[in-house]
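*Asks:*
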Amino acid sequence: MQSASPHRTVERLRPFASTIFAEMTELAVAHDAVNLGQGFPDSDGPAAMLEVARQAIADGLNQYPPGRGMPVLRRAIARDRLDRYGTSYDPDTEILVTVGATEAISAAVLGLVEPGDEVVLIEPYYDSYAAAIALAGAVRRTARLVPDGGGFTVDLDSVRNAITPRTRMLIVNSPHNPTGTVLGRANLEAIAEIACEHDILVVADEVYEHLTFDEREHVSLSTLPGMAERTVVISSAAKTFSVTGWKTGWACGPEQLIDGVRAAKQFMTFVAGGPFQPAVAYALEHEQPWVHTLRDTLQDKYVRLSKALDEAGFDVKRSEGSYFVCADITPLGETDALDFCRKLPARIGVAAVPVSVFTDHPENWNSLVRFTFCKNEETISAGIERLHRL
Ligand code: PMP
Ligand code: GLN
């Protein structure tokens, strides 16, 4: 038999053959390292929610749910958006349950952007955005975050400069992966104005919407003037309820946009996993206090991990939310974060992720490493102890 050609993967997906999370998690396992690379919690979500999922299986909710998602979950999502943001979505036409936020993002790009149209990302950007754009045969352009008093903020001019007559969509993520930046109201208003002025669709990736520190407000782009009609808001149970393996997410937006997302979603997965949906609906309605505790616990871990990184010699950046904190390796005499992260598991038994892989201009981001603090007490303590070996 002939050996397979190394280039069977279609050209537009070749740059996406493997993800950084898979590579660093593999290295973590190989070296028995503490995995502060891939952002997944290692403790469970609320017990009552888990029980609802078990019960759903026992009750026989094991066949295809409706394509848009189970009504009980769509109604819970609608209530949640109304209670927390004052935005009203019709659960029958304006909410779609997806296989995680990842599918919602890909389906939004596939269903709303023509091949050759441009999509603007703000770098560093979550890796799946670029892959979704490639899947759609669209063209990626980038704006950027810039340093801002120990943290980061959006360079609004770079957003304006990235827009051309071909721009169809802008993807904005706040709270932000990988930097932990939470965009403030003024910046979001400026972004909204740009989107309205150029009549651009917006995908607002809000998967960390509950996880902001120091009572910082999470402003949903969808709530700003002119934005409801052009924004697809995406969130997920993964981060809010510590169930990244459930792959239960959602997209909310006006009917004509959700129709596009649904057209694509139908032929990727048809529907999202059945028994998880009543469980997530239950959690949206009953587990807000659990989420607040999660947020406070994460903030405490962020503070402790930052201190350890600082003591180990990193220049630690400010995180305002999410699962992540970034740290600069320059004071350690290092210059290449990718190389640094590839060696770190063997060197001190800790895995992390280089920020450069989330950008189109790695030369500007070569000294930054992302660490996650969404791990249980034992993992965080072990990570902190090992960082002192540096
Ligand atoms: N967007 C961002 C910014 C993320 O960090 C993640 C997951 N870490 C996702 C989307 C994907 O979410 P899900 O697991 O629900 O597909
Ligand atoms: N979103 C998680 C992170 O940023 C991991 C997701 C993944 O493994 N694709 O670490």
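FYI, our numbering numbers position 61 of the sequence shown as 349, with every residue one higher than the one before it.
Heads up, the beta-carbon is just placed ideally off N, CA and C, and yes, glycines get one too.
(1) Taking the alpha-carbon positions, what's the Asp320 to Gly357 distance?
(2) Quick one: what does DSSP say Thr441 is sitting in, helix, strand or coil?
(3) Taking contact to mean 3 or more Cβ pairs, one atom from each stretch, closer than 8 Å, check whether the region 571-581 and the region 544-552 are in contact.
(4) Helix, strand or coil for Asp487 per DSSP?
(5) Contact between the region 499-511 and the region 458-473: three or more CB pairs below 8 Å?
(6) Taking just the CA atoms, how far does Gly327 sit from Pro412?
(7) Given a threshold of 16 other Cβ atoms within 10 Å of its Cβ, counted over all protein chains shown, does His676 qualify as buried or as exposed?
(8) Quick one: residues in its chain with C-beta nearer than 7 Å to the C-beta of Glu477, no 5 flanking neighbours on either side, listed in chain order?
(9) Which value, in whole angstroms, describes the spacing of the CA atoms of His649 and Ile410?
(10) The ligand PMP heavy atoms versus the CB of Val495: any closer than 6 Å?
(11) When the distance is taken between beta carbons, is Arg429 closer than 7 Å to Ala450?
(12) Quick check on Pro633: does DSSP put it in helix, strand or coil?
(13) Can you give the Cα-Cα distance for Glu406 and Glu339, rounded to whole angstroms?
(14) Can you tell me whether Phe309 sits near the ligand GLN, meaning its C-beta is under 6 Å from at least one heavy atom of the ligand?
(15) Run through DSSP, which three-state label would Leu423 get?
(16) How long is the line joining the alpha carbons of Gln290 and Pro642, rounded to whole angstroms?
(17) If you pair each beta-carbon of the region 592-611 with each one of the region 656-676, do three or more pairs fall below 8 Å?
(18) State buried or exposed for Phe555, treating a residue as buried only when at least 16 other CB atoms are found within 10 Å of its CB.
(19) Taking a contact to mean a Cβ-Cβ separation below 7 Å, would you say Arg550 touches Phe612 in this structure?
(20) Using a Cβ-Cβ cut-off of 6 Å (strictly less than) and excluding sequence neighbours within five positions of Ser524, which residues of its own chain qualify?
(21) Note down, one range per segment and in chain order, each beta strand (DSSP E) of at least 3 residues found wholly within the region 327-410.
(22) When every heavy atom of the ligand GLN is checked, does at least one fall within less than 6 Å of the C-beta of Asn461?
(23) What runs of the alpha helix (DSSP H), each 4 residues or longer, lie entirely inside the region 512-563?
(24) Can you give me the Cβ contacts of Ala625 inside the same chain, cut-off strictly under 8 Å, excluding the 5 residues immediately before and after it?
(25) Applying the criterion that 16 or more other CB atoms from any shown protein chain within 10 Å of the CB defines a buried residue, is Asn350 buried or exposed?
(26) Figure out for me which residue from Val638, Thr581 and Phe564 has the closest Cα to the Cα of Ile345.
(27) So for Gly472, helix, strand or coil by DSSP?
(28) If you measure from the CB of Leu620, is any heavy atom of the ligand PLP nearer than 6 Å?
(29) Please list the terminal residues of the continuous beta strand (DSSP E) segment that includes Arg456.
*Replies:* Short version:
(1) Translated into the one-based positions of the sequence shown, residue 320 becomes position 32. Translated into the one-based positions of the sequence shown, residue 357 becomes position 69. Going by the C-alpha atoms only, they are around 39 Å apart.
(2) If you number the sequence shown from 1, residue 441 lands on position 153. Residue state, collapsed to three classes: strand.
(3) no
(4) Within the sequence shown, numbered from 1, the residue matching residue 487 stands at position 199. If DSSP states are grouped into helix, strand and coil, Asp487 belongs with coil.
(5) yes
(6) What you label residue 412 is simply residue 124 of the sequence shown in a count that begins at 1. What you label residue 327 is simply residue 39 of the sequence shown in a count that begins at 1. Whole-angstrom Cα-Cα distance: 16 Å.
(7) Stepping through the sequence shown from its first residue, residue 676 is reached at position 388. His676 should be labelled exposed.
(8) Looking up residue 477 in the sequence shown gives position 189. Cβ neighbours of Glu477 beyond the five flanking positions: Leu512.
(9) Here the question's residue 649 lines up with position 361 in the sequence shown. Here the question's residue 410 lines up with position 122 in the sequence shown. Taking the straight line from one Cα to the other gives about 12 Å.
(10) Start at 1 with the first residue of the sequence shown, and residue 495 comes out as number 207. Yes - the ligand PMP has a heavy atom lying nearer than 6 Å to the Cβ of Val495.
(11) As a first step, residue 450 must be located in the sequence shown, where it is residue number 162. As a first step, residue 429 must be located in the sequence shown, where it is residue number 141. In this structure, Arg429 lies closer than 7 Å to Ala450 by Cβ.
(12) Locating residue 633 in the sequence shown gives position 345, counting from the first residue. Correct three-state label for Pro633: helix.
(13) The sequence position of residue 406 within the sequence shown is 118, counting from 1. The sequence position of residue 339 within the sequence shown is 51, counting from 1. One C-alpha to the other measures close to 44 Å.
(14) Here the question's residue 309 lines up with position 21 in the sequence shown. Result yes, Cβ under 6 Å from the ligand GLN.
(15) One-based indexing of the sequence shown puts residue 423 at position 135. Leu423 falls in the helix class under three-state DSSP.
(16) Start at 1 with the first residue of the sequence shown, and residue 290 comes out as number 2. Start at 1 with the first residue of the sequence shown, and residue 642 comes out as number 354. Reliability of the predicted coordinates at Gln290 is poor, the pLDDT of 47 falling under 50, and the value obtained from them is presented with this limitation in mind. One C-alpha to the other measures close to 37 Å.
(17) yes
(18) On the sequence shown, position 267 is the one that residue 555 refers to. Exposed, because fewer than 16 other Cβ atoms sit within 10 Å of the Cβ of Phe555.
(19) Here residue 550 corresponds to residue number 262 of the sequence shown, with the count starting at 1. Here residue 612 corresponds to residue number 324 of the sequence shown, with the count starting at 1. No, the Cβ-Cβ distance between Arg550 and Phe612 is not below 7 Å.
(20) Counting from 1 along the sequence shown, the entry for residue 524 is found at position 236. Around Ser524: Gly388, Ala389, Val495 and Gly537.
(21) 383-386
(22) By 1-based counting over the sequence shown, the position of residue 461 is 173. Every heavy atom of the ligand GLN is 6 Å or more from the Cβ of Asn461, so no.
(23) 525-528 and 543-553
(24) In the sequence shown, the residue the question calls residue 625 occupies position 337. Contacts found: Ile617, Pro642, Val643, Ser644, Trp653, Asn654, Ser655, Leu656 and Val657.
(25) Along the sequence shown, read from residue 1 onward, the residue named residue 350 stands at position 62. Under this definition Asn350 is an exposed residue.
(26) The residue given as residue 345 occupies position 57 in the sequence shown. Per the Cα distances, Phe564.
(27) Within the sequence shown, the letter at position 184 stands for residue 472. It is coil, neither helix nor strand.
(28) Looking at this structure, you won't find the ligand PLP anywhere; what it does contain is the ligand PMP and the ligand GLN.
(29) Residue 456 sits at position 168 when you count from the first residue of the sequence shown. Note, Arg456: beta strand (DSSP E), Thr455 to Asn461.
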